[in-house]
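2 protein chains.
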Amino acid sequence: MKQPVSEVRERILDVARELFIKNGYKGTSVRDIAAASETNVAMVNYYFHSKYNLFEIIFEEAFNRLQKKIFSTLSSDLPFFELIETVIDSYYEMLMEYPQIPIFILNEINQNPERLSERMREKDPHGVFLQMSKRIKEEEKKGVIKETPPIDFLLNILSLCVFPFIFKNLGSNVAKVSQREYSEMIVNHKKYVIQFVINALKK
Amino acid sequence: MKQPVSEVRERILDVARELFIKNGYKGTSVRDIAAASETNVAMVNYYFHSKYNLFEIIFEEAFNRLQKKIFSTLSSDLPFFELIETVIDSYYEMLMEYPQIPIFILNEINQNPERLSERMREKDPHGVFLQMSKRIKEEEKKGVIKETPPIDFLLNILSLCVFPFIFKNLGSNVAKVSQREYSEMIVNHKKYVIQFVINALKK
DNA sequence: GTCTATAGCGGGATAGAC
DNA sequence: GTCTATCCCGCTATAGAC
Chain A
8 MKQPVSEVRE
18 RILDVARELF
28 IKNGYKGTSV
38 RDIAAASETN
48 VAMVNYYFHS
58 KYNLFEIIFE
68 EAFNRLQKKI
78 FSTLSSDLPF
88 FELIETVIDS
98 YYEMLMEYPQ
108 IPIFILNEIN
118 QNPERLSERM
128 REKDPHGVFL
138 QMSKRIKEEE
148 KKGVIKETPP
158 IDFLLNILSL
168 CVFPFIFKNL
178 GSNVAKVSQR
188 EYSEMIVNHK
198 KYVIQFVINA
208 LKK
Chain B
8 MKQPVSEVRE
18 RILDVARELF
28 IKNGYKGTSV
38 RDIAAASETN
48 VAMVNYYFHS
58 KYNLFEIIFE
68 EAFNRLQKKI
78 FSTLSSDLPF
88 FELIETVIDS
98 YYEMLMEYPQ
108 IPIFILNEIN
118 QNPERLSERM
128 REKDPHGVFL
138 QMSKRIKEEE
148 KKGVIKETPP
158 IDFLLNILSL
168 CVFPFIFKNL
178 GSNVAKVSQR
188 EYSEMIVNHK
198 KYVIQFVINA
208 LKK
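Residue numbers (the working numbering), protein chains in the order written: chain A, 8 to 210; chain B, 8 to 210.
Right, here's the structure in full:
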């Protein structure tokens, strides 16, 4: 019994997504994908031309999701400290739902940095960085916050939000807690991070 | 003319360190190492048995140095804020020398989490975490700093120190700066991080 | 559209002569 | 200790039968 256009294609795509997220690009072979999707190597290359092309389709999907979420938060017109809180909230919310994404992205940076960053540059239609810089400048002028270089500040936000998820595997092992316990710990950690950042900003 | 015990071994080790740092573990082949050290593949395996073992020797070297440095800082009697500054300094100094280490660790985690975390647990013979907790408690009592859960605080320190290096490849491309410029940027970023952390702590 | 079979490459590791 | 030659593996990709 045959599904619409290509049930096989979908099956390969689903399996590949799972494997790429779990094992990364280099850690996933076309043979793995073929076996897990109960097809064969030739089928994967028939539908997707190459392993890299297949990877790109899946990567795009994950990447768009993350981008959309973060950008819509950053572009809102909330009061400054609430904006900060919401940005951090959004990162954590997103990353708790898709904890594999940072590892997925970071693992593959080495693979093709030019191409990936080309994409990221394309995907900044609202000038989020400029908008954020403007908000920071305003608050500096008001004397509410300390002198805050936008790049350094945003890098700190990114570090504080993303690293705990990257560190999850190692951290839970070293601390001898289950991944589940670590995840619960992260919820509390988020609250500390928000306070930490706001304290660091305040004059 | 022959050098002491094995001039060749040292040469291989030096070249390997350089290549691993520059191109990462997977990006460096034993053939590359052989060529650059003007020996051959057999020599590399004669002295180091395997590529993985060779890398581990280099990894161990860096890890031990960091460990030693952090501990000597923690057990010093520096004033608390200077202690924080020195710890952050040490992390950045080490990571600027071995920027590939975090990425190697990340890749290792996916492949063999048990082995790596076993090692890291072994390497805390002096109780860095306990030392730090003690100092934090003292400063809390003095009323100098806010309430500061040690785990969350240390995770923040780690995030702020390690993430910029993980992000290096992607970040430098997105910001359209060379890796070299990014590295220079990181030196300034470190200064901001130190101020950021100290402000966040202060009551 | 599906599959088998294999080409062709590049990797790590090793045997064995010197 | 050193080197050449080679093994064996896994990978991507494709040719060609059905």
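Every residue, glycine too, gets a C-beta built ideally from N, C-alpha and C.
For clarity, every value in this text was computed on a predicted model and none was experimentally measured.
With C-beta atoms as the reference, is residue i less than 8 Å away from residue j?
{"i": "LEU81 (chain A)", "j": "MET127 (chain A)", "result": "no"}
{"i": "TYR59 (chain B)", "j": "ARG16 (chain B)", "result": "no"}
{"i": "LYS175 (chain A)", "j": "TYR189 (chain A)", "result": "yes"}
{"i": "VAL37 (chain B)", "j": "VAL22 (chain B)", "result": "no"}
{"i": "ILE91 (chain B)", "j": "ILE193 (chain B)", "result": "no"}
{"i": "PHE136 (chain A)", "j": "PRO157 (chain A)", "result": "yes"}
{"i": "ILE65 (chain A)", "j": "PHE27 (chain A)", "result": "yes"}
{"i": "SER97 (chain A)", "j": "LEU177 (chain B)", "result": "no"}
{"i": "LEU73 (chain B)", "j": "SER166 (chain A)", "result": "no"}
{"i": "TYR99 (chain A)", "j": "PHE62 (chain A)", "result": "no"}
{"i": "ILE143 (chain A)", "j": "THR155 (chain A)", "result": "yes"}
{"i": "PHE160 (chain A)", "j": "ALA207 (chain B)", "result": "no"}
{"i": "GLU146 (chain B)", "j": "PHE87 (chain B)", "result": "yes"}
{"i": "LEU85 (chain B)", "j": "ILE110 (chain A)", "result": "no"}
Taking DSSP's pairing of strands, which residues face residue i in a bridge?
{"i": "LYS209 (chain A)", "result": "A:ILE152"}
I'd like to know whether the C-beta of residue i is nearer than 8 Å to at least one C-beta of chain B.
{"i": "ARG142 (chain A)", "result": "no"}
{"i": "PHE170 (chain A)", "result": "yes"}
{"i": "HIS56 (chain A)", "result": "no"}
{"i": "ARG18 (chain A)", "result": "no"}
{"i": "LYS130 (chain A)", "result": "no"}
{"i": "SER166 (chain A)", "result": "yes"}
{"i": "ILE64 (chain A)", "result": "no"}
{"i": "ASN60 (chain A)", "result": "no"}
{"i": "PRO11 (chain A)", "result": "Reliability of the predicted coordinates at PRO11 (chain A) is poor, the pLDDT of 48 falling under 50, and no value is obtained from them."}
{"i": "TYR4 (chain A)", "result": "An answer regarding residue 4 (chain A) cannot be provided, because it is not within the stretch 8 to 210 covered by chain A."}
{"i": "MET139 (chain A)", "result": "no"}
{"i": "SER124 (chain A)", "result": "yes"}
{"i": "ASN47 (chain A)", "result": "no"}
{"i": "GLU121 (chain A)", "result": "yes"}
{"i": "VAL181 (chain A)", "result": "yes"}
{"i": "TYR189 (chain A)", "result": "no"}
{"i": "PRO106 (chain A)", "result": "no"}
Excluding sequence positions up to five away, which residues of its chain have a Cβ less than 6 Å from the Cβ of residue i?
{"i": "LEU102 (chain B)", "result": "PHE172"}
{"i": "MET8 (chain B)", "result": "A caution first: MET8 (chain B) carries a pLDDT of 44, below 50, which makes its placement in the model too unreliable to give a value."}
{"i": "SER44 (chain A)", "result": "ARG18, ILE19 and VAL22"}
{"i": "SER83 (chain B)", "result": "none"}
Using a Cβ-Cβ cut-off of 7 Å (strictly less than) and excluding sequence neighbours within five positions of residue i, which residues of its own chain qualify?
{"i": "GLN10 (chain A)", "result": "Only weak support is given to the placement of GLN10 (chain A): the predicted model assigns it a pLDDT of 42, under 50, and the value that follows is read from those uncertain coordinates. Excluding positions up to five away in sequence, the list is empty."}
{"i": "ALA213 (chain B)", "result": "Only positions 8 to 210 of chain B appear in this structure, which leaves residue 213 (chain B) out of reach."}
{"i": "ILE40 (chain A)", "result": "ILE19, VAL22, ALA23, LEU26 and VAL51"}
{"i": "ILE116 (chain B)", "result": "LEU123"}
{"i": "LYS75 (chain A)", "result": "none"}
{"i": "HIS56 (chain A)", "result": "none"}
{"i": "THR93 (chain B)", "result": "THR80 and LEU85"}
{"i": "ALA49 (chain A)", "result": "none"}
{"i": "THR35 (chain B)", "result": "LEU26 and PHE27"}
Would residue i count as contacting chain A if we go by Cβ distances under 8 Å?
{"i": "MET8 (chain B)", "result": "Note on MET8 (chain B): pLDDT 44, under 50, position unreliable in the model; no value is reported."}
{"i": "ALA207 (chain B)", "result": "yes"}
{"i": "LYS149 (chain B)", "result": "no"}
{"i": "PHE70 (chain B)", "result": "no"}
{"i": "LYS75 (chain B)", "result": "no"}
{"i": "ILE112 (chain B)", "result": "yes"}
{"i": "ASP159 (chain B)", "result": "yes"}
{"i": "MET103 (chain B)", "result": "no"}
{"i": "LYS33 (chain B)", "result": "yes"}
{"i": "LYS153 (chain B)", "result": "yes"}
{"i": "VAL184 (chain B)", "result": "no"}
{"i": "ILE116 (chain B)", "result": "yes"}
{"i": "ASN52 (chain B)", "result": "no"}
Go through its chain and collect everything with a Cβ distance to residue i's Cβ below 8 Å, but skip five positions before and after it.
{"i": "LYS210 (chain B)", "result": "GLY150, VAL151, ILE152 and LYS153"}
{"i": "SER179 (chain A)", "result": "SER185, GLN186, GLU188 and TYR189"}
{"i": "ILE95 (chain B)", "result": "ILE164, LEU167, CYS168, LYS197, VAL200, ILE201 and VAL204"}
{"i": "ALA182 (chain A)", "result": "TYR189"}
{"i": "THR46 (chain B)", "result": "VAL15, ARG18 and ILE19"}
{"i": "SER13 (chain B)", "result": "TYR54"}
(request) Tell me the start and end of each unbroken alpha helix (DSSP H) in the region 30–85 of chain A that is at least 4 residues and wholly inside, in chain order. (result) 37–43, 48–55 and 58–81
(request) Scan the region 84–126 of chain B and note each continuous alpha helix (DSSP H) run of 4 residues or more that stays entirely inside, going in chain order. (result) 87–104 and 108–118
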